[in-house]
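Let me begin by presenting the structure, written as structure tokens, before commenting on it.
Residue numbers (this note's numbering): 3 to 178.
So, in structure tokens, the structure goes:
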């Protein structure tokens, strides 16, 4: 999970902060700023990338969050479903690392085979563990937390890792 810069609320043609009548209308602005990537697993998702609500859009106590820019990220179906409606207030939100607020890349160690572990040098390991569980990024066929057959995030990480390793070896053979 890489840190991202969502930025302030986009402005309309008159320079006023945009108001979203439907949260889905924020998708083009989010994609322009974040790219067509899931904010959690970092996969490129050219279609069906959802506007994800940091705090649940079903929050009866704070219904204004359903259309609030500050409550939006982008998520793939797997991460959005895994997260569900577990985050419902500021207190719950503080239990996790967030890619738009924290240097999430430092919280985790990425390993061959698409495995993500908690960075052992991290002081707040419990917070990082909750973040992995919230997003389901801890799911892997070789662990006790198995992915569903449709959840291929671990394999995409494995292939990206292998590609990086192969490229590194290829560059070394060429330049060394």
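Note that CB positions come from ideal geometry on N, CA and C, so glycine has one too.
message: Using the three-state DSSP reduction, which class does residue 39 fall into: helix, strand or coil?
response: strand
query: Since residue 123 sits in a beta bridge, which residues does DSSP pair it with?
result: Answer is none; residue 123 lacks a bridge partner.
query: If we ignore side chains and look at the alpha-carbon of each, how far apart do residue 154 and residue 53 end up?
result: 20 Å
task: Report the option in 73, 13 and 119 whose CA atom is closest to the CA atom of residue 25.
output: 73
query: What residues in its chain sit with their C-beta under 6 Å from that of residue 138, if we drop five residues either side in the sequence?
result: Hits under 6 Å: 84.
message: Going by DSSP, what residue range makes up the alpha helix (DSSP H) through residue 2?
response: Shown here, the chain extends from 3 to 178; a query on residue 2 therefore has no answer.
message: Measuring alpha carbon to alpha carbon, tell me which residue in 124, 116, 169 and 166 is nearest residue 148.
response: When each option's Cα is compared against that of residue 148, the closest is 116.
task: State the beta-bridge partners of residue 77 as determined by DSSP.
output: Looking at the DSSP assignment, residue 77 forms a beta bridge with 52.
task: Compare the beta carbon distance of residue 3 and residue 97 with 9 Å and say whether it is the shorter of the two.
output: No.
Distance between beta carbons of residue 105 and residue 5, contact taken as under 8 Å: 5 Å
- prompt: Does DSSP put residue 25 in a helix, in a strand, or in coil?
  reply: helix
DSSP-derived helix/strand/coil call for residue 145: coil
- prompt: Which residues in the same chain have their Cβ closer than 7 Å to the Cβ of residue 38, if we skip the five residues on either side of it in sequence?
  reply: 46, 47, 48 and 51
- prompt: In whole angstroms, what is the alpha-carbon distance linking residue 160 and residue 114?
  reply: 6 Å
message: Within the continuous beta strand (DSSP E) that includes residue 110, where are the two ends?
response: Start and end: 110 to 113.
- request: Throw me the rounded Cβ distance for the residue 55 and residue 67 pair, which I believe falls under 8 Å.
  value: Yes, they are in contact, since the Cβ atoms of residue 55 and residue 67 sit about 7 Å apart, within 8 Å.
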